[in-house]
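As structure tokens, the structure follows; a few thoughts come after it.
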Amino acid sequence: MLDQQDIILDIRDLTVRFVLEDGTVEAVNGVNMRLKRKGCIGLVGETGAGKTTTALAALNLVQCPPGKIEGEILLEGRNVLSMSERELSHIRGKEVSMMFQDPMTALNPAFTIGDQIAESILLHEDIPHTEAWERACQMLEQVGIGQERAKNYPHQLSGGMKQRVIIAMALACHPKLLIADEPTTALDVTIQAQVLDLISELREKEETSLLLITHDLGIVAEMCEEVAVMYAGRIVEIGTLVDVFNHTRHPYTEGLFNSLPNIKNRRAELSPIPGMLPDPTKLPAGCAFAPRCRYATEACVQTRPELKACDETHFVACLAYEREGFHLERRDRE
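Start counting at 1 in the sequence shown, then tack on 762, and there's your number in the working numbering.
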């Protein structure tokens, strides 16, 4: 049993809705998730599952209105959702940093990369600009970019270099928690590997906790100790990496694994999950995955499942396990 002192981020019954003229978008629906100090949890799911909204809510960055947030988000025991703007300005970038999804648009084209990194330092520390500039140059060196590039503008950098600048900016004030939203989007495979290695190296050096948002199960296997699988704004399975990868319990998680290429038989056809995510303005009364699930019964259509413990570290939201002898039909993943 984890002591509360061991938890840096504790999300409790988080609900995020966007009230629009055309209807209410139920983006996040009762999410519970905890991240240990110095730990790394991967938040996995399809586009539109609610991953980024959950991350934005963790920093109280959801625009309200039209957004409406309920629940608690405890950062070292303090509720982020009840903080004043002054308190939020202090923790954003200092205690918690976020790497946004697209490095091409996350940087301001009107300022040099050195000035942008230095600005984040000056906002949180009472030091001269010259010292902040020197630290910005040092951060660039740490992410593998020469100090002479500090005077470059974003358009003078490649996509991979821009992502390295984003990492330098996020870690400039030595945050306790880093939220990385699809950090390898739009990068080629070689650069992806370099960026992930860099994040791992700097995280270990700074002893930073990491919430990694991705749809790539390979990245999760390489980076994370725990995994939370999200579908239609809800966590449907959560556990350690071994729990989720080797003892998969939810049909949606199994569908994600089965849709990966079979490296033993390269001629084998892919097995995509049929159908699409439900409309977030018209979520079904029961299990949101039921229309796409081969194991669904009438009970699944009528009743929304809650997360239940499989063992001490593994939880799943699936009514199928109430049927005697139920098991998933797993494809060989080796």
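By construction, the Cβ of each residue, glycine as well, lies at the ideal position given by its N, Cα and C atoms.
| Check | Outcome |
| --- | --- |
| On the criterion of 16 or more Cβ atoms from any shown chain inside 10 Å, does Ala-994 qualify as buried, or is it exposed? | buried |
| Which residue's Cα is closest to the Cα of Gly-807: Ala-1052, Ser-1021, Val-991? | Val-991 |
| Helix, strand or coil for Val-793, going by three-state DSSP, please let me know. | strand |
| Quick check: what's the CA-CA separation for Gln-863 versus Leu-949? | 11 Å |
| Tell me which residue opens and which closes the alpha helix (DSSP H) that Thr-1002 is part of. | Note, Thr-1002: premise wrong, no alpha helix (DSSP H); beta strand (DSSP E) at 996 to 1002. |
| Put Val-982 into one of helix, strand or coil per three-state DSSP. | helix |
| Is the separation between the beta-carbon of Glu-984 and that of His-936 shorter than 8 Å? | no |
| In the structure shown, what three-state DSSP assignment does Pro-877 receive? | Residue identity differs from the one stated: residue 877 is Asp in this sequence, not Pro. Residue state, collapsed to three classes: helix. |
| What residue does the beta strand (DSSP E) around Ile-803 start on, and which one ends it? | 802 to 806 |
| Just checking my contact of Glu-834 with Asp-775 at CB under 8 Å: how many whole Å lie between their CB atoms? | 7 Å |
| Once the 5 residues before and after Val-905 are set aside, which same chain residues still bring their CB inside 7 Å of it? | Arg-926, Ile-929, Ala-930, Leu-960 |
| What are the start and end residues of each continuous alpha helix (DSSP H) run of 4 or more residues lying completely inside the segment 852 to 906, in chain order? | 865 to 868, 875 to 886, 891 to 904 |
| Taking only three categories from DSSP, how would you classify Asn-1020? | helix |
| What are the complete alpha helix (DSSP H) segments, minimum 4 residues, inside the segment 905 to 989? | 921 to 933, 951 to 968, 979 to 985 |
| Considering only the beta carbon of each residue, do Ile-975 and Lys-813 sit closer than 8 Å? | yes |
| State the Cα-Cα distance for the pair Glu-847 and Ile-831, rounded to the nearest angstrom. | 16 Å |
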